[in-house]
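Since the structure comes first, as structure tokens, the remarks are kept for the end.
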Amino acid sequence: MIPAHWMPYYRRGDGELLGYLVPEGEQYLPVTVFGYGLAAAADEDDAGQVLENVGLSYLADTWLLTLEDRDDPINVQIVEASPERLRVKSVDYGWEQDYGTIIELQVPDDGRLGR
Numbered sequence: 001m002i003p004a005h006w007m008p009y010y011r012r013g014d015g016e017l018l019g020y021l022v023p024e025g026e027q028y029l030p031v032t033v034f035g036y037g038l039a040a041a042a043d044e045d046d047a048g049q050v051l052e053n054v055g056l057s058y059l060a061d062t063w064l065l066t067l068e069d070r071d072d073p074i075n076v077q078i079v080e081a082s083p084e085r086l087r088v089k090s091v092d093y094g095w096e097q098d099y100g101t102i103i104e105l106q107v108p109d110d111g112r113l114g115r
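Just so we're aligned: the sequence shown equals residues 1 to 115 in UniProt numbering.
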């Protein structure tokens, strides 16, 4: 669950939730809707601009997921991302599980997901 002190950031044009600004002292860390950090902490305007520039494009990327029982991360794609839930599917032919296996992850991101 996204912490209550994180500030939601909505796209100026249509009000779509792009992510959050996480207070860090006098600066803000821009993060995705599921809590993955997108850039270093900056002032509120600059952190918001990162979210505006990135938009929701990160949803189309291939990500790397670290698994407890495997040395190398696997390739995954996001199939559902919200402040409540993150679901990814395997797109890694080298993983022992079936291609397309759905995995539900903790929100906010716990560091297992990377780019």
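Beta carbons: idealized from backbone N, C-alpha and C, even for Gly.
Here Pro3 is exposed: its Cβ has fewer than 16 other Cβ atoms, across all protein chains shown, within 10 Å.
The shortest CA-to-CA distance from Glu16 to any of Tyr93, Glu104, Val54 is the one to Val54.
Assigned with DSSP and collapsed to three states, Glu80 falls in strand. Rounded to the nearest whole angstrom, the CA to CA distance from Leu113 to Leu51 is 19 Å. Val54 sits in a helix when the DSSP states are folded into three classes.
Asp98 and Val91 have their C-alpha atoms spaced approximately 9 Å apart.
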